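Participant:
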Amino acid sequence: MGENPAKNHYAKLNQGEENEMEIFGYKTQGCRKASCIAGYILSCGALLLLFYWKPEWSVWANCTRCSLEEADVFLLRTTDEFQIYSRKTATWISVKTLIKSRSDYPSTADEDSVFNKAIMKPSLQVKTIQVQKIHYVWDTHAKLFQKVGALEDHHTCSAIHAKFGSGLTCHEQNVRRVICGPNTIDVPVIPIWKLLIKEVLNPFYVFQLFSVCLWFAEDYMEYAIAIIVMSLLSISLTVYDLRQQSVKLHRLVESHNNTLVTVSRNKEGFQELESRHLVPGDMLVLKEGKTLLPCDAILISGQCIVNESMLTGESIPVTKTHLPQADNFKPWRMHCAEDYKKHVLFCGTEVIQTKADDRGVVKAVVLRTGFSTAKGDLVRSILYPKPMNFKLYRDAFRFLMCLIAFAAIGMIYTVCVFAVNGEETGEVVKKALDVITIAVPPALPAALTTGIIYTQRRLKKKGIFCISPQRINMCGQLNLICFDKTGTLTEDGLDLWGLLPSERNCFQDIHSFPADHSLPWGPLFKAMAVCHSLIVWEGKIQGDPLDVKMFEATNWVIDSSRHQIEGQGSTHATVVRPGPKASNGPVEGLIILHQFPFSSALQRMSVIAQEIGGEKQVFTKGAPEVIAMLCRAETVPLNFESKLLLYTAQGFRVIGLACKSLQAGKQPTDLTREDVESDLTFLGLLIMENRLKRETKPVLEELSAARIRSVMVTGDNIQTAVTVAKNAGMISPMDTVIIVEANKIPGSFSASITWKPLEENKTEDYGNLEDGSQTERRIGLALGSGQYHFAMNGKSYQIVAQHFRHLLPKLLLNGTVFARMSPGQKSSLVEEFQKLDYFVGMCGDGANDCGALKVAHAGISLSEQEASVASPFTSQTPSIACVPELIREGRAALVTSFCMFKYMALYSTIQYLGVLLLYWQLNSFGNYQFLFQDLAITTVIGVTMSFTGAYPKLVPYRPPSQLISPPLLLSVVLNILFSLSMQILGFLVVQKQPWYSKTDIHSACLSTHNLTENSSSVSSLGLYGVKEGYNEQIDNGYKSYENTTVWLLSTINCLIVALVFSKGKPFRQPIYTNYVFILVLIGQLGICLFLVFADIDGIYSMMDLVCTPTMWRISMMIMLAVTLAVSLLVEEAIIENRSLWLLLKKTFQYHSKSNYKKLQRVLEQDSAWPPLNETIFSDSVAISVEGNMGGHTNPTFDSNEDAL
């Protein structure tokens, strides 16, 4: 039974967001519920267990469909490929006691508020559900569920100031508190009994319980107890691990759950209360000193300096400015565009310093509370991780289904054989059920988990920490890695290399660093002294490394004490003064009056400053291209572009500086950013050097040799990025770089896209240029051999995604450099690569890469800040050397998983075939025989096989990603056939032996000693006691020549299979390096050979073996030796023969189904691609990509980062 969306029965929750879900309404029906309860009782709880595993079946069985408005039970289904169902029950909240004495509706500060729309009249109740810690209320007007715990997005800037600027009344606050719930990110420590029940009810453990009960019924006590012990150990370890994670997460968030805060109450003044009572719309008053923020809030007066390392991974102080009182109709977030974050204080971050303005106090309106906050969202992403879709796990499920189907055939065979022979029904059922436990190995999941655990441990030793172990196997498939540039490929810090001043639209002589003489006083010096967001924190100058280097070059110092500022009274303002080493400046100091912080969207920052006692001036710094556009054309040098290209092409980071004087009388806080950042005077270029890390080039060369693509995704200038890519070896010297530039056509909905080879941009500054014909010839050769790379910036990427969607995959196929990318665009790029069927890794320092790190198949953070919880992998050493290491271990883990699957499939099949052969004679293996195979052989091999480490060299191809691949299936099928042939041969040939007797199990050994009649009687007398002792054993039907032959052959066959399947090179180290495994195999083989040749009555009696002639034992050894030789030969000559499989692919014209491979084949035939020196215009209307551009799992912190 599926879901058919009917009118009013169905809706979407969080539409357009990453956690989008479908919601269906149901009403509980008494008759149905009674029938289900009867079913639970009659099935002894089996139906209840089934409903626990399948919540949708429970809802369909207990309830009837109805509209969402009438529903009391809801079924939720994720809209991703997994379509996971969950059940939720509606809760009713009464607000009667809060508003019965009031007749004035609405009851909240805002008529359009969701709080007002949710209250049903006249019952004064609110219908609510909680999904993944977020509260939703039923909107009686819109007839859908709305999220609460956040201020609505439709408010304008002026509306926020007007409606919430004075705070909420006590009454309004109470209503909101009841509906929203407490402002806590409450992650309770899960009780051990709950974890235990959840783990025990896992289908795998339920199957184990069934197996154990069956074994007890058959007196197979020893293995049953062993499995119970192993399962209890496994459950205990899992529960312990989950408990530790729960405790760790609880400690991470508990500090924010209850702090004292001051709020402003409408008409009632200031009030101190616990932070858990805060609601959206409350007016928070921020006092001086350090404060840990208990919620997300919009700053509406004053200024703050905040440490956001918890969210961004960078412990650089960030300046927050108040929300402007803009009087327009745009919602505040749209009005502020990407700069909205500059006005938002995020939960869990620390306010280091507050600066009040002329209104006296620093105030902020509570924007989001509890799990709706940035921190809450981060915690929710840990509590509810996105399920991973990996072929291996899908194939594993199919593999188990095949084994169950295989077992079903065996069950039918068993029932037929035993029923025909007139066995008791109880015995037939037991024997038939036994086949399931043989065909489906209960130890399979445990064996697979051990491989991952060992890999995790090896990674930990190498300083790589993993919080998502299931992603380790995925690392083995990575074939494209995106790297951030600054701090990842290059050194974190920048060194000041030079200063290129500009006067009267001409560049002057360059001032190099470190310089013998100090910088001359002037506007450029003043810009370097004040145009930054540095603060003195804990006795040190803190801030962006670029700002620190620039400021240090002036030899001035920061003074953060209170200062009297004309028109503003006593306030906190940053004052910079000449330091002890500074040459005497003509001024006492400069005061920074107001800041417009750096915006990655605008690519610039500005400050309003004044000399002490002097005039006010604006200073702006940012991306040179952007600064030049904001300056008056007559102040920008004519050779600006060529000079910029000269330095960026050498890999320098270049910053533009500009200034202008402000009219007297205007208050800095009243000016908008647009007013300030216009008609500027260009001052010059600041040139910074960003060196490559020592290990960058060798790592990228290693990845390139292994045919793993490297892509640079950076916020830096495109020329700088291309140069760094060339220096790092991402782009080889002979390859052509094609700059892709896309622009919107002013006044229309269309856009244009142009392809230009980088060489064309070179100017006379470079000197000794090769002539044009040579350049064209070289470019032609490079394009013909496919050795070209596309480079584009974030703006072009955005336009291509909107207007030239069909070109995007083609551009990504050879795109190597993506510059000036915002965090949202980084996430989008990773997702676009994934759509082409690349397995994408992302390596970044955690700062602007959080979204991309989470979206990628394997995100590797080089930051150890709390933000690294967003990333599955974190490297202790901030070096990209961890990337090949992770891929090596991932490949080894993946191959180990395949080896384990193959071994487990063969072990269960060998045992299954042996048992079915013996069932033909109404016989089976004895309990100790099963125990020896299950415990002494398979369990020990399962634990030790995974010890083999990763091979140190990355080969230029990947291991297979799926179990159902021809080589793997052929390997399993052939080995099954070898085992079957050997067991059938042994079973049939033993019956043809002259000494064979069906009834007398001592005939073989007696006949060999029967030299004389006399000695025969003596022998029979001597063995009388033994025979007597065997009588009980004979009755159970285990002892026979067939049993001994088949059991010994199948047991040693398990060892042969383990050896043959323990693959070493090219992904794992040779098998002989796994000393433990080799010793285990030798030990097990020694015991098996001892059992074959020992002939010790006591041991044989216990193991249900019988004595056979020495020649027959040698014959069995020959059979096993032949099987080993054939298995090894087939595995090496056919299965592992890569050349043979490539030849077969070529012969049968098999082509990869990956989208990027298909596209490669198409483009190879397209002589017109890439179009050089051409411009293409879009004739279609833009596709809206706002929804899918920011593939970030923390929307509260980093959304809408895509519009440039």
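Residue numbers for the sequence shown follow the numbering used here, beginning at 16 and rising by one. Just so you know, even glycine gets a beta-carbon here, dropped at the ideal spot from N, CA and C. Model, not experiment: these values are computed from the prediction.
#1: How big is the Cα-Cα spacing for residue 1089 and residue 266?
#2: Using only CA atoms, which one of 398, 828, 300 lies nearest to residue 1294?
#3: Please name the residue, chosen from 544, 1013, 567, that lies closest to residue 635 on a Cα-to-Cα basis.
#4: Which of the three DSSP states is assigned to residue 100 in this structure?
#5: Who does residue 808 pair with in a DSSP beta bridge?
#6: Under three-state DSSP, which class holds residue 526?
#7: Quick one, are the C-beta atoms of residue 652 and residue 527 less than 8 Å apart?
#8: Mind checking which residues open and close the alpha helix (DSSP H) that includes residue 1062?
#9: So, helix, strand or coil for residue 1152, using DSSP?
#10: Report, in whole angstroms, the separation of the C-beta atoms of residue 414 and residue 978, which I expect to be a contact under 8 Å.
#11: Buried or exposed: where does residue 1220 fall if 16 or more other Cβ atoms within 10 Å of its Cβ makes it buried?
#12: On the DSSP bridge list, what partners appear for residue 818?
#13: Three or more C-beta pairs under 8 Å: does that hold for the stretch 1147-1154 against the stretch 982-995?
#14: Taking C-beta to C-beta, are residue 867 and residue 904 nearer than 8 Å?
#15: What separation, rounded to the nearest whole angstrom, lies between the Cα atoms of residue 671 and residue 264?
#16: Could you say which of 569, 1096, 47 lies nearest to residue 539 if we only look at CA atoms?
#17: Measure from the alpha carbon of residue 663 to the alpha carbon of each residue in 700, 933, 75, 1145, then state which is nearest.
#18: Could you give the distance in angstroms between the alpha-carbon of residue 871 and the alpha-carbon of residue 846?
#19: Would you call residue 1146 buried or exposed, if buried means 16 or more other Cβ atoms sit within 10 Å of its Cβ?
#20: Could you tell me if residue 67 is buried or exposed, where buried requires 16 or more neighbouring beta carbons within 10 angstroms of its beta carbon?
#21: Considering only their Cβ atoms, is the gap separating residue 613 from residue 548 smaller than 8 Å?
#22: Excluding five sequence neighbours on each side, which residues of the same chain lie with their C-beta closer than 7 Å to the C-beta of residue 1220?
#23: With DSSP as the reference, please indicate the residues paired to residue 621 in a beta bridge.
#24: Using 8 Å as the threshold, is the C-beta distance between residue 86 and residue 42 below it?
#25: Using the Cα positions of residue 804 and residue 221, report the straight-line distance between them to the nearest angstrom.
#26: So the candidates are 1017, 1055, 956, 48; which of them puts its Cα closest to the Cα of residue 466?
#27: DSSP on residue 469, reduced to helix/strand/coil?
#28: In whole angstroms, what separates the C-alpha of residue 1142 from that of residue 88?
#29: Does DSSP put residue 1183 in a helix, a strand or coil?
#30: If you draw a straight line from the alpha carbon of residue 316 to that of residue 639, how long is it in whole angstroms?
#31: So, helix, strand or coil for residue 348, using DSSP?
#32: Distance check for residue 691 and residue 582, CA to CA, integer angstroms please.
#33: I need the straight-line Cα distance from residue 683 to residue 623, nearest angstrom please.
#34: What does DSSP give as the partner residue(s) for residue 1004 in the beta ladder?
#35: Rounded to whole angstroms, how far is the Cβ of residue 140 from the Cβ of residue 101, which I believe are closer than 8 Å?
#36: Okay, do the stretch 838-853 and the stretch 741-750 touch, 3+ Cβ pairs below 8 Å being the bar?
Facilitator: In this structure, then:
#1: Between the alpha carbons of residue 1089 and residue 266 lies a distance of about 40 Å.
#2: Examination of residue 1294 is not possible in this model, given that the chain is present from 16 through 1219 alone.
#3: Residue 635 has its Cα closest to that of 544, out of 544, 1013, 567.
#4: In the structure shown, residue 100 adopts extended strand secondary structure according to DSSP, grouped into three states.
#5: DSSP, once it has assigned bridges, lists 834 as partnering residue 808.
#6: Looking at residue 526 - three-state DSSP - the assignment turns out to be strand.
#7: No.
#8: 1056-1076 is the span of the alpha helix (DSSP H), which, as asked, contains residue 1062.
#9: Three-state DSSP puts residue 1152 in coil, outside helix and strand.
#10: About 6 Å; that satisfies the 8 Å criterion.
#11: The requested residue 1220 is not part of the displayed model; the chain covers only 16 to 1219.
#12: Per DSSP, none; premise fails for residue 818.
#13: Yes, since at least three Cβ pairs between the stretch 1147-1154 and the stretch 982-995 fall closer than 8 Å, the two stretches touch.
#14: No, they are not a contact pair.
#15: If you take the alpha carbons of residue 671 and residue 264, they lie about 44 Å apart.
#16: In terms of CA proximity to residue 539, 569 leads the group 569, 1096, 47.
#17: When only C-alpha atoms are compared, the closest one is 700.
#18: Rounded to the nearest angstrom, the two C-alpha atoms are 7 Å apart.
#19: Around the C-beta of residue 1146, 16 or more other C-beta atoms lie within 10 Å, and the residue is accordingly described as buried.
#20: By the neighbour-count rule (16 or more Cβ atoms within 10 Å), residue 67 is not buried but exposed.
#21: The answer is yes: Cβ separation under 8 Å.
#22: Lying before the first or after the last residue shown, residue 1220 is absent from the chain, which here runs from 16 to 1219.
#23: According to DSSP, which records beta bridges pairwise, residue 621 is partnered with 611, 635.
#24: Yes.
#25: Between residue 804 and residue 221, the C-alpha separation is close to 55 Å.
#26: When only C-alpha atoms are compared, the closest one is 956.
#27: Helix, per DSSP.
#28: Answer to the nearest angstrom: the Cα atoms are 58 Å apart.
#29: The answer is coil: DSSP assigns residue 1183 none of H, G, I, E or B.
#30: Here the C-alpha atom of residue 316 lies approximately 32 Å from the C-alpha atom of residue 639.
#31: Assignment of residue 348 by DSSP, reduced to helix, strand and coil, places it in the helix class.
#32: With a pLDDT of 48 at residue 582, under the threshold of 50, the modelled position of this residue cannot be trusted; read the value that follows with caution. Distance between the alpha carbons of residue 582 and residue 691: 20 Å.
#33: Rounded to the nearest angstrom, the two C-alpha atoms are 7 Å apart.
#34: For residue 1004, DSSP assigns no beta-bridge partner whatsoever.
#35: Not quite, the Cβ-Cβ distance comes to about 24 Å (not below 8 Å), so this is no contact.
#36: Contact annotation: the stretch 838-853 does not touch the stretch 741-750, with fewer than three C-beta pairs closer than 8 Å.
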